[in-house]
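Read through the structure below, which is laid out as structure tokens, and then see the notes.
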Amino acid sequence: MLPVIKGAAYCLFHGPDLVMVSGTTYRTERIQNPNSDYIKAVPSRLRKFQDVVGYLPNQVYIGNIWPEDMPKYTRPWYENLIPDAKPQGPFGELVPQNLLYGVLKLADSFDLVVLEKDFQERIKPEMVATGLFQEQDFAKWKEGASLEAIQKEIETAHAEPLNLDGQLVGCVRRAHELDPALQAEVMLENLLAKATAVWTVRRFLKNTGFDPKEIEYIIETTEEACGDMNQRGGGNFAKSIGELCGLVNATGSDIRSFCAGPAHGMMAAAALVQTGVFKNVLVVGGGSGPKLGMNSRDHVKKGMPILEDMLGTFAIVVGENDGVNPVIRTEFIGRHKIGTGATPQAVMEALVAEPLARAGLKFGDVDRYAPELQNPEITEPAGAGNVPLANHKMIAALAVMKGQVPKAEMEAFVQAHGVPGYAPTQGHIPSGVPFVGYAREGILNGKYKRVMIIGKGSLFLGRLTNLFDGISFIIEPNIKETKPEGIDEEAIRSLVANTLRKVAEELKG
Amino acid sequence: MALDLKGKKVIIIGDRDGVPAPAIEEAVKSAGAEVIFSATECFV
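First to last, the protein sequences are chains G and E.
Going by our numbering, 350 is the number at position 233 of the first sequence; the sequence numbering is gapless.
Going by our numbering, 23 is the number at position 21 of the second sequence; the sequence numbering is gapless.
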């Protein structure tokens, strides 16, 4: 039986100060041109937490406003904040930076995250108040450090600072003196991915009431590499996350394919469940520190706030067919093959047109296509355009080329079948997977009858190949498989066995 | 405006969700240009 999507959670973590610590755009500029106008302007362009709570794309991400309602809101969204917006939504929440540092400390197994002692004591009750953490979670925490001690770690031992509104409240230490894979910068990056995922998996478990003991396998799908200098991408984020979420019956591993990682993860989870290897598989992705402020040079230049201040996460459980939840049509996975080619047309042909044709479906049979879902307010000022719109236009153009949509109706097709972008530019995070939660809800309440999720990845960034990558899959309502009345399976089995035996005897002789 | 690329040296920066570098490379090569650098960038 086809596997189902049992539930999904989505959280965003506010990290404005981390733009200047973990973000690669700021870090490289600081090395090359430490007195540039950009470097000077960044602190004054960082957003306050109330501004990210009222920001439309963030509200959509946590499930408070459906993506198709976004065109009703006036742009720029960062100037037209939603009044009385709440940081909690049906899918998850927006987490302030002080609590991000709290879960960073919680995710640290090697005494690398050091927090100032008063700050550490202040955030414990706030974390408990979320309902996701208990007192025993903090049992291993030693007393926090003095500011002087933290400062010394930064000045003399290459630790990375943790600032809150520009004030030092902690640091992340390196895990080895010489190993480049264990320096503080890398440890911060990996701990951010782990910690934010831990929070979101706990949110998933709390929201859904799903028994953590029922999860048998974890697939982690970020773009980070965890290891030491002898095995820089050895892993395993998945088990390190599960360990802190009570997933005691699970094992797991990390799947990598740049931004397409989550789509590969969903496909692998579906296959593992459908073949009966595991009953429930968690697919998870934490946030990316290096991508914070990635396009901020252009945002600053254009007088905008730095919008890439959110770490994105998701947690989805794929499980055995329960007769209720939407199914993943594993027979019609779309894939970008090695021989496909790199043109946008070839990519979409492989990911959309080919699986649709194989399934006997027309382009119009899919209610919503969810490819790259980047927030256009982030990408347009940087010259990258409206990425989801470009993808939807290519899908519509293919539909026209195949004679399924009249050319004059291309624009209408994009409006009717597209999904506006709302995800932060966090690489693997916007790549189709944010819409899985809406697809599940929309199919369960009858709004959609079919959704296609499309994940694409830029393999060429690793400088091993010029190839592109992508995986797509279709989500549909669960149609209960009913046995026709009056058929006795045992009788049929026995009839077939007897017939085969007879044939074998006749052949013998 | 027609662009004569014959014999010209070309640097290509492709866009991941627009036209990637290998596709531009094929086009400019067919127009007689010499590609001296080609890469696709990604800022998403």
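The beta-carbon is built from N, C-alpha and C at its ideal position, and this holds for glycine as well.
8 Å CB neighbourhood of residue i in its chain, flanking five on each side removed
i: Pro-297 (chain G); result: Val-303 and Met-346
i: Arg-610 (chain G); result: none
i: Ile-592 (chain G); result: Ile-122, Pro-443, Val-444, Ile-445, Arg-446, Val-553, Ala-556, Arg-557, Ile-560, Arg-567, Val-568, Met-569 and Ile-570
i: Ile-336 (chain G); result: Ala-355, Gly-369, Ser-370, Asp-371, Ile-372, Gly-382, Ala-385, Ala-386, Val-398, Leu-399, Val-400 and Val-401
i: Glu-437 (chain G); result: Met-118, Pro-120, Val-121, Val-390, Lys-396 and Asn-397
i: Lys-259 (chain G); result: Asp-228
i: Glu-36 (chain E); result: Gly-9, Lys-10, Lys-11 and Val-12
i: Ala-48 (chain E); result: Nothing can be reported for residue 48 (chain E), as the shown portion of chain E is limited to 3 through 46.
Nonlocal neighbours in the same chain, by C-beta distance under 6 Å from residue i, ignoring five residues either side
i: Gly-363 (chain G); result: Pro-329
i: Ala-535 (chain G); result: Sequence check: residue 535 (chain G) is Gly here, not Ala. Cβ neighbours of Gly-535 (chain G) beyond the five flanking positions: His-509.
i: Pro-174 (chain G); result: Asn-492 and Tyr-539
i: Lys-222 (chain G); result: Val-230 and Leu-232
Nonlocal neighbours in the same chain, by C-beta distance under 7 Å from residue i, ignoring five residues either side
i: Gly-458 (chain G); result: none
i: Glu-526 (chain G); result: none
i: His-453 (chain G); result: Val-464, Ala-467, Leu-468, Phe-585, Asp-586 and Gly-587
i: Asn-137 (chain G); result: Inspection of the sequence shows that residue 137 (chain G) is occupied by Met rather than by Asn. Counting only Cβ-Cβ distances below 7 Å, and skipping sequence neighbours, we find Tyr-143 and Val-159.
i: Ala-301 (chain G); result: His-275, Ala-276, Glu-277, Val-289, Arg-290 and Arg-291
i: Tyr-155 (chain G); result: Glu-146, Arg-414 and Val-417
i: Val-349 (chain G); result: Per the sequence shown, residue 349 (chain G) should be read as Arg rather than Val. Here the set comprises Ala-298 and Ala-342.
i: Gly-248 (chain G); result: Lys-323
i: Phe-227 (chain G); result: Ala-292
Beta-carbon spacing of residue i, residue j below 7 Å
i: Asp-17 (chain E); j: Val-504 (chain G); result: no
i: Tyr-178 (chain G); j: Tyr-127 (chain G); result: yes
i: Gly-180 (chain G); j: Pro-213 (chain G); result: no
i: Lys-311 (chain G); j: Ile-358 (chain G); result: yes
i: Ser-374 (chain G); j: Gly-574 (chain G); result: yes
i: Lys-11 (chain E); j: Ile-38 (chain E); result: yes
i: Ala-202 (chain G); j: Val-170 (chain G); result: yes
i: Leu-135 (chain G); j: Leu-409 (chain G); result: yes
i: Tyr-218 (chain G); j: Leu-279 (chain G); result: yes
i: Gln-543 (chain G); j: Gly-429 (chain G); result: yes
i: Gly-403 (chain G); j: Thr-338 (chain G); result: no
i: Gln-491 (chain G); j: Pro-422 (chain G); result: no
i: Pro-184 (chain G); j: Pro-488 (chain G); result: no
i: Pro-379 (chain G); j: Val-550 (chain G); result: yes
i: Gly-456 (chain G); j: Pro-472 (chain G); result: no
Residue i - DSSP class collapsed to helix/strand/coil
i: Arg-290 (chain G); result: coil
i: Thr-191 (chain G); result: coil
i: Ser-589 (chain G); result: strand
i: Tyr-555 (chain G); result: helix
i: Arg-452 (chain G); result: strand
i: Ala-126 (chain G); result: strand
i: Ile-609 (chain G); result: helix
i: Glu-27 (chain E); result: helix
Please give me, in chain order, every unbroken run of the beta strand (DSSP E) with length at least 3 that falls completely inside the stretch 345-431 of chain G. 368-371 and 397-402
Looking at chain G, which residues of the stretch 14-35 of chain E have a Cβ within less than 8 Å of any of its Cβ atoms? Asp-17, Arg-18, Asp-19, Gly-20, Val-21, Pro-22, Ala-23, Pro-24 and Ala-25
Residues within the stretch 561-577 of chain G neighbouring chain E, beta-carbon criterion of under 7 Å: Ser-575 and Phe-577
Minimum length 4: unbroken alpha helix (DSSP H) runs contained in the stretch 471-537 of chain G: 471-475, 493-496, 504-518 and 527-534
Length at least 3, wholly inside the stretch 261-339 of chain G: the beta strand (DSSP E) runs in chain order: 277-281, 284-289 and 334-337
Within the stretch 218-266 of chain G, note down every full alpha helix (DSSP H) run reaching 4 residues or more, in order along the chain. 234-246
Residues within the stretch 402-413 of chain G neighbouring chain A, beta-carbon criterion of under 8 Å: In the displayed structure, chain A is absent; the protein chains listed are G and E.
Relative to chain E, which residues along the stretch 464-495 of chain G have a C-beta separation below 7 Å, given in chain order? Glu-489 and Gln-491
Would you list, in chain order, the members of the stretch 446-461 of chain G that have their beta-carbon closer than 9 Å to a beta-carbon of chain E? Gly-458, Ala-459, Thr-460 and Pro-461
Name the residues in the stretch 500-512 of chain G whose C-beta lies less than 8 Å from a C-beta of chain E; which are they? Ala-501, Gly-502, Val-504, Ala-507 and Asn-508
Along the stretch 536-547 of chain G, where does the CB come closer than 8 Å to a CB of chain E? Name the residues. Thr-542, Gly-544 and Pro-547
Would you list, in sequence order, the uninterrupted alpha helix (DSSP H) runs of no fewer than 4 residues that lie entirely inside the stretch 142-195 of chain G? 154-158, 166-170 and 173-178
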